[in-house]
Amino acid sequence: YEGVNTIKEMGRSIHEIPRQE
Amino acid sequence: DSCIQFTRHASDVLLNLNRLRSRDILTDVTILVNRQQFRAHKTVLMACSGLFYTIFTDSLKCNLNAISLDPKVDPEGFTILLEFMYTSRLTLKESLIMAIMNTAIYLQMDHVVDTCHRFIKSSDP
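Chains A and B, in that order, give the protein sequences.
The opening residue of the first sequence carries number 1 in the working numbering; numbering runs sequentially from there.
The opening residue of the second sequence carries number 1 in the working numbering; numbering runs sequentially from there.
1) For A:E16 and chain B, any beta-carbon pair shorter than 8 Å?
2) Counting only C-beta atoms, is A:E2 closer than 8 Å to chain B at any point?
3) DSSP three-state label for A:I17, please.
4) From the beta carbon of B:Q5, is the nearest beta carbon of chain A less than 8 Å away?
5) Whole angstroms are fine: how far does the CA of A:I17 sit from the CA of B:F6?
6) Hey, out of B:Q36, B:V33, B:T79 and B:L17, whose CA is closest to B:K42's CA?
7) Quick one: residues in its chain with C-beta nearer than 6 Å to the C-beta of B:I105, no 5 flanking neighbours on either side, listed in chain order?
8) Using a Cβ-Cβ distance cut-off of 8 Å, determine whether B:S49 contacts chain A.
9) Please classify B:M98 as buried or exposed, where buried requires at least 16 other C-beta atoms within 10 Å of its C-beta.
10) Taking 8 Å as the CB-CB limit, is B:V13 close to chain A?
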């Protein structure tokens, strides 16, 4: 991403699939 | 322009793939190692292992739903490497290091082989 300001997002990015339902 | 890089995304995806594996959701192959069976996703296996990449890019073999590994492969070593593929964590035990390394050589997981070599060297008095 040359020339792009990259902002870091440290939190979870997607939903979490449960271990068991 | 700005770009948001979600730094946890790769590990979050892998965590979910491992949850899918543990619940046997969309797993599409059974790996047989000395009568022990391991369910997994072909895409994860081929992304991590040169041997599985070769198998599943072969148009004659890619639709197989069971693959038998060489009977010399140690199931405990395979368990540790499969766990590594889905978690990024490689559990190295001195008692199993040769089994893990030989299995990694067989599966063509070169970086894991290098890591085993370093572990053996560092444990050598």
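For glycine and all other residues, C-beta sits at the position ideal for the given N, C-alpha and C.
According to the data block:
1) yes
2) No, A:E2 lies away from the interface with chain B (no Cβ there is under 8 Å from its Cβ).
3) coil
4) It does; some Cβ of chain A falls within 8 Å.
5) Cα to Cα, B:F6 sits roughly 18 Å from A:I17.
6) B:L17
7) V113
8) no
9) exposed
10) yes
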